[in-house]
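Have a look at the structure below before the remarks.
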């Protein structure tokens, strides 16, 4: 009935020559139709979903304007967050989210404002822009708290804690992860992210057995969720802790399983991070040729998505592998690349 009413209204507007109203009606109906279609996007092939995503971005260009288009435009933004991140279109997606925040503020939609701020902070963290990420996440946390939304506050605390980990600040990371756990229900899936952060903190302190315990707790939650992508991330983290304990064969098993899953899902960015860790494990296990080929493949993918922090770390690892293989010139080049990337990152070393 809603579609019929919209069609009738559009027809009347056209008959009256009211083309601005006709165009606004078209934008609203297009956004609503795409929102419904993309909500079941899991049934699409990758090619079809890419086509629908492209159409959605075109519609959003116009839908992020009229007030009556906001509900459908907002839902489109949220549906597209993960596919855009997975496709590596991180910087390209942020302008749409910032326009969404402007609309949410104009329409006093504070829940959407908080969620979109969290999304932007997450994407900026993925591109290693940690200062900006923290600013957006702090804004999201403030709004979630003002709304009394404990679950939203917990998700934001976990993201801030992860940034702390990446900046080698284990104490505030631990405090925020514990605070997030205090806000979450016992059966909340978000607890997996808190356990992940606690595992990262333990790893930073070389407490590998404790790190493994936390990461296995996160893995159990992801498996219970049935979320293949996040299960693969958790498998990688378990593999990383096994590497830290010198259990290389076990680590390789977990890491190869994670990379295979992420490849199958088309998550090239996270598959590259897994391969970075896999390459390092191969190196430590004495499999230098595999370490080199795996690391070089990961480097290109990380460069494509602009993940400077992992690029810097990987370049350093590649330098060590080249050196172990007796190629001093290639090692020097890799080390110089690493130094340059770390210098660009400033304190995020």
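In the working numbering, the protein residues as written are 5 to 353.
Cβ atoms here follow ideal geometry from the backbone N, Cα and C, with glycine treated the same way.
> Going by beta carbon distance, what residues of the same chain come within less than 6 Å of residue 129, once the five residues before and after it are set aside?
Replying inline: Position 125 of the chain shown holds residue 129. These residues qualify, in order along the chain: 137, 167.
> Cα separation between residue 47 and residue 336?
Replying inline: Looking up residue 47 in the chain shown gives position 43. Looking up residue 336 in the chain shown gives position 332. The predicted position of residue 47 is uncertain, since its pLDDT is 44 and thus under 50; no value can be drawn from it.
> Which ranges does the alpha helix (DSSP H) cover as unbroken runs of at least 4 residues, wholly within the stretch 325 to 350, from first to last along the chain?
Replying inline: 332 to 349
>> What ranges does the beta strand (DSSP E) occupy inside the stretch 115 to 197, keeping only unbroken runs of at least 3 residues that lie completely in it?
In response: none
> Taking Cβ positions, are residue 247 and residue 285 nearer each other than 8 Å?
Replying inline: Locating residue 247 in the chain shown gives position 243, where the first residue counts as 1. Locating residue 285 in the chain shown gives position 281, where the first residue counts as 1. Cβ atoms of residue 247 and residue 285: closer than 8 Å.
>> Contact criterion: CB-CB distance below 8 Å. Does residue 63 meet it with respect to chain C?
In response: This model lacks chain C altogether; it includes just one protein chain.
> Are the stretch 247 to 264 and the stretch 82 to 101 in contact at 8 Å, needing three or more beta carbon pairs?
Replying inline: no
>> residue 155 and residue 188 - do their beta-carbons sit closer together than 8 Å?
In response: Start at 1 with the first residue of the chain shown, and residue 188 comes out as number 184. Start at 1 with the first residue of the chain shown, and residue 155 comes out as number 151. In this structure, residue 155 lies closer than 8 Å to residue 188 by Cβ.
>> Going by DSSP in three states, residue 91 sits in which element: helix, strand or coil?
In response: Taking the chain shown and counting its residues from 1, one reaches residue 91 at position 87. Here residue 91 sits in coil by DSSP.
> Buried or exposed: residue 55, going by 16 or more other Cβ atoms within 10 Å of its Cβ?
Replying inline: Counting from 1 along the chain shown, the entry for residue 55 is found at position 51. Exposed.
> Just reading off the alpha helix (DSSP H) that residue 229 is part of, what are its end residues?
Replying inline: Along the chain shown, read from residue 1 onward, the residue named residue 229 stands at position 225. Where residue 229 is concerned, the enclosing alpha helix (DSSP H) stretches over 212 to 229.
> Which residues mark the beginning and the end of the alpha helix (DSSP H) in which residue 300 is found?
Replying inline: Residue numbering aside, residue 300 sits at position 296 when the chain shown is read from its first letter. Run containing residue 300: 292 to 309, per the alpha helix (DSSP H) assignment.
> Shortest alpha-carbon distance to residue 72 belongs to which of 107, 165, 328, 268?
Replying inline: Residue numbering aside, residue 72 sits at position 68 when the chain shown is read from its first letter. That would be 107, whose Cα lies nearest to the Cα of residue 72.
> Grouping DSSP H, G and I as helix and E and B as strand, with all else coil, what is residue 113?
Replying inline: Position 109 of the chain shown, counted from the start, is the residue given in the question as residue 113. Coil at residue 113, not helix or strand.
>> Which same chain residues end up closer than 8 Å to residue 149 when comparing Cβ atoms and leaving out the 5 residues on each side of it in sequence?
In response: Mapped onto the chain shown, residue 149 falls at position 145. Within the same chain, residue 149 has close Cβ partners 157.
>> Among the candidates 268, 237, 174, 116, whose CA atom is the shortest distance from the CA of residue 151?
In response: What you label residue 151 is simply residue 147 of the chain shown in a count that begins at 1. Among 268, 237, 174, 116, the Cα nearest to that of residue 151 is on 116.
> Which whole-angstrom value is the C-beta distance of residue 273 and residue 125, which I expect to be below 8 Å?
Replying inline: Position 269 of the chain shown, counted from the start, is the residue given in the question as residue 273. Position 121 of the chain shown, counted from the start, is the residue given in the question as residue 125. The pair is not a contact, with the Cβ atoms about 17 Å apart (cut-off 8 Å).
>> Given this structure, state the Cα-to-Cα distance separating residue 164 from residue 220, to the nearest angstrom.
In response: On the chain shown, residue 164 is found 160 positions in, with the first residue counted as 1. On the chain shown, residue 220 is found 216 positions in, with the first residue counted as 1. So the alpha carbons of these two residues sit roughly 22 Å apart.
> What's the gap between the Cα of residue 196 and the Cα of residue 119?
Replying inline: On the chain shown, residue 196 is found 192 positions in, with the first residue counted as 1. On the chain shown, residue 119 is found 115 positions in, with the first residue counted as 1. So the two alpha carbons sit approximately 19 Å from each other.
>> I need the boundaries of the alpha helix (DSSP H) containing residue 247, first residue and last residue.
In response: The count along the chain shown starts at 1 and reaches residue 247 at position 243. Looking at the DSSP string, the run of the alpha helix (DSSP H) that includes residue 247 is 232 to 248.
>> Could you tell me the alpha carbon to alpha carbon distance between residue 97 and residue 330, rounded to whole angstroms?
In response: If you number the chain shown from 1, residue 97 lands on position 93. If you number the chain shown from 1, residue 330 lands on position 326. The straight-line gap from Cα to Cα measures roughly 43 Å.
>> For a test of the three-state rule: what should DSSP assign to residue 104, helix, strand or coil?
In response: Here residue 104 is taken as the residue at index 100 of the chain shown, counted from 1. It is helical.
>> Here's a check: name, in chain order, each residue in its chain whose Cβ is nearer than 7 Å to the Cβ of residue 206, leaving out the five neighbours to either side.
In response: For this step, residue 206 is matched to residue 202 along the chain shown. Answer for residue 206: 214, 215, 218, listed in chain order.
> In chain order, what residues of the same chain lie with their CB nearer than 7 Å to the CB of residue 255, ignoring the 5 residues before and after it?
Replying inline: Counted from its first residue, the chain shown places residue 255 at position 251. 243, 246, 247, 285, listed in sequence order.
> Straight-line CA distance for residue 349 to residue 132?
Replying inline: One-based indexing of the chain shown puts residue 349 at position 345. One-based indexing of the chain shown puts residue 132 at position 128. Near 8 Å, if we compare the C-alpha coordinates of residue 132 and residue 349.
> Going by Cα to Cα distance, which pick from 100, 90, 79 is closest to residue 62?
Replying inline: Within the chain shown, residue 62 is the residue found at index 58, counting from 1. The option with the nearest alpha carbon to residue 62 is 100.
>> Which residue wins for smallest C-alpha separation from residue 170, given the options 193, 201, 191?
In response: Residue 170 sits at position 166 when you count from the first residue of the chain shown. Here the closest residue by C-alpha is 201.
> Sorted by chain position, which residues of the same chain lie with C-beta nearer than 7 Å to residue 316's C-beta, five sequence neighbours on each side aside?
Replying inline: Here residue 316 is taken as the residue at index 312 of the chain shown, counted from 1. Here the set comprises 342, 345, 346, 349.
> Using the rule of at least 16 other Cβ atoms within 10 Å of the residue's Cβ for burial, across every protein chain shown, is residue 209 buried or exposed?
Replying inline: The residue labelled residue 209 in the question sits at position 205 within the chain shown. Exposed, by the Cβ-count rule.
>> Check for me: the alpha helix (DSSP H) holding residue 264 runs from which residue to which?
In response: By one-based count along the chain shown, residue 264 stands at place 260. It spans 252 to 269 - the alpha helix (DSSP H) in which residue 264 sits, taken as one unbroken run.
>> Let's test the definition: count the other Cβ atoms within 10 Å of the Cβ of residue 333 and tell me whether it reaches 16, buried, or not, exposed.
In response: By one-based count along the chain shown, residue 333 stands at place 329. When all chains shown are included, residue 333 counts as exposed.
> Can you tell me the Cα-Cα spacing of residue 223 and residue 109, whole angstroms?
Replying inline: Locating residue 223 in the chain shown gives position 219, counting from the first residue. Locating residue 109 in the chain shown gives position 105, counting from the first residue. Taking the straight line from one Cα to the other gives about 37 Å.
> Sorted by chain position, which residues of the same chain lie with C-beta nearer than 7 Å to residue 229's C-beta, five sequence neighbours on each side aside?
Replying inline: Here residue 229 corresponds to residue number 225 of the chain shown, with the count starting at 1. Contacts found: 193.
> Thinking just about the alpha-carbon of each residue, which of 312, 321, 309, 288 is nearest to the one in residue 300?
Replying inline: One-based indexing of the chain shown puts residue 300 at position 296. Selected option, being the one with the closest Cα: 321.
>> One question on the structure: do residue 144 and residue 160 come within less than 8 Å of each other, judged by their Cβ atoms?
In response: The residue labelled residue 144 in the question sits at position 140 within the chain shown. The residue labelled residue 160 in the question sits at position 156 within the chain shown. In contact: residue 144 and residue 160 (Cβ atoms closer than 8 Å).
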